[in-house]
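Report on one structure; see the data block that follows.
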Amino acid sequence: MRSASPFSAGTAPATPAPACPVSAGTATTVEELLSLARAGELGPDPVGLRISVAFTTRQAVRHEGRGTGYRNEVLSLRLAEAVGSCAVEPGALPDGAVDDCAGALVARLLEHPMLPVRVAALDAYLMHVFPHTPENGARPVALPAGTSLEKSRVRADAVAGLLTLPLGSTVLVVGVVNSLLEALRSRGLRYVPCDLKGGVTEWGEPVATDALASAGHCDALLVSGMTLGNGTFEALRKHALRHDKQLVMFAQTGSAVLPRLLGRGVSAVCAEPYPFFWLDGGPGTVHRYRAGCPGGTP
347 MRSASPFSAG
357 TAPATPAPAC
367 PVSAGTATTV
377 EELLSLARAG
387 ELGPDPVGLR
397 ISVAFTTRQA
407 VRHEGRGTGY
417 RNEVLSLRLA
427 EAVGSCAVEP
437 GALPDGAVDD
447 CAGALVARLL
457 EHPMLPVRVA
467 ALDAYLMHVF
477 PHTPENGARP
487 VALPAGTSLE
497 KSRVRADAVA
507 GLLTLPLGST
517 VLVVGVVNSL
527 LEALRSRGLR
537 YVPCDLKGGV
547 TEWGEPVATD
557 ALASAGHCDA
567 LLVSGMTLGN
577 GTFEALRKHA
587 LRHDKQLVMF
597 AQTGSAVLPR
607 LLGRGVSAVC
617 AEPYPFFWLD
627 GGPGTVHRYR
637 AGCPGGTP
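For the sequence shown, the residue numbers in the numbering used here are 347 to 644.
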């Protein structure tokens with residue numbers, strides 16, 4: 347475990363701003379992005395596109411040296427060269443969902459009754475239209491080969507580095523990742539951990555369960571893309587916009603969706619498309635985006 351830096355006056359270390367993102371029309375919400383995608387206003391008509399592969403990834407994690415672990419389940423859909431993903435609560439996805447998605451038209455899945463399917467389909471579509479390239483606003487950050495914990499910590503540094511806050515500021519962390527909490531402490535930032543599951547962190551800190559109730563006591567928000575799939579993202583986006591707070595997203599879910607909302611409540615995104623860092627010990631890449639770049643779109 348890294349030792350925590352003492353809180354002191356000043357400003358947390360800044361990092362170079364990523365490139366500017368390509369705008370996705372006038373969309374300000376995920377629902378508006380879905381509507382534009384259905385209408386073919388963001389790229390090719392989804393009626394002519396078909397998902398070739400649908401699959402789920404289930405994992406249980408307990409990093410070496412850590413006393414607690416967690417489980418994840420992710421629905422992923424492949425459209426041509428692109429893979430879109432949405433995390434779900436383990437066991438929440440019906441057995442027939444994957445069969446329903448495989449071979450389906452993207453247009454139909456963008457209207458699917460299950461929100462995680464709609465999010466995964468939108469993510470695949472936008473990944474197809476706006477891949478994570480410098481031309482689309484992405485700045486890659488290399489994850490070196492290493493253990494799951496080593497790669498988790500490098501990713502956490504890339505995420506936390508997107509915050510620009512005075513030392514001692516308090517960050518709401520929605521979707522508790524212990525490596526992210528370490529990274530915030532190392533930058534002299536306080537945090538309020540929040541997760542729908544509740545419980546405690548690796549260090550025995552209580553985990554809040556109501557993100558919106560906790561947001562009012564925090565200076566900035568650091569939020570998992572999983573909030574797209576469980577329907578809690580929009581309230582947090584509105585809170586950040588209303589109170590002029592930084593909203594930084596770390597996104598395995600919706601890695602291609604959230605960069606399209608930069609400047610509309612989202613201030614920065616660390617996007618991590620499939621395959622995720624925890625699937626492989628080799629090198630990998632995450633892609634950072636930031637809103638408000640001079641000369642670029644928000």
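All residues carry an ideal CB built from backbone N, CA and C; glycine is no exception.
Residue nearest to A373 within the set G611, S498 and A467 is G611 (criterion: CA-CA distance). Sixteen is the threshold: when 16 or more other Cβ atoms of the shown chains lie within 10 Å of the Cβ of E618, as they do, the residue is buried. With 16 or more other CB atoms across the displayed protein chains lying within 10 angstroms of its CB, V505 is buried.
M595 has its alpha-carbon roughly 20 Å from the corresponding atom of L513. In the structure shown, G575 adopts helical secondary structure according to DSSP, grouped into three states. With a minimum length of 3 residues, the unbroken runs of beta strand (DSSP E) contained wholly in the stretch 471-497 fall at 485-489. Assignment of P629 by DSSP, reduced to helix, strand and coil, places it in the coil class.
A Cβ-Cβ contact shorter than 8 Å links R384 with P392. The stretch 468-475 and the stretch 589-603 touch, with three or more beta-carbon pairs separated by less than 8 Å. Bounds of the beta strand (DSSP E) holding C540 are R536 to C540. DSSP lists V569 and V615 as the beta-bridge partner residues of M595. In this structure, DSSP gives C447 a helical state, which the three-state scheme calls helix. In the three-state DSSP reduction, F622 falls in the coil class, being neither helix nor strand. Remark: C-beta atoms of L439 and E419 approach each other more closely than 8 Å.
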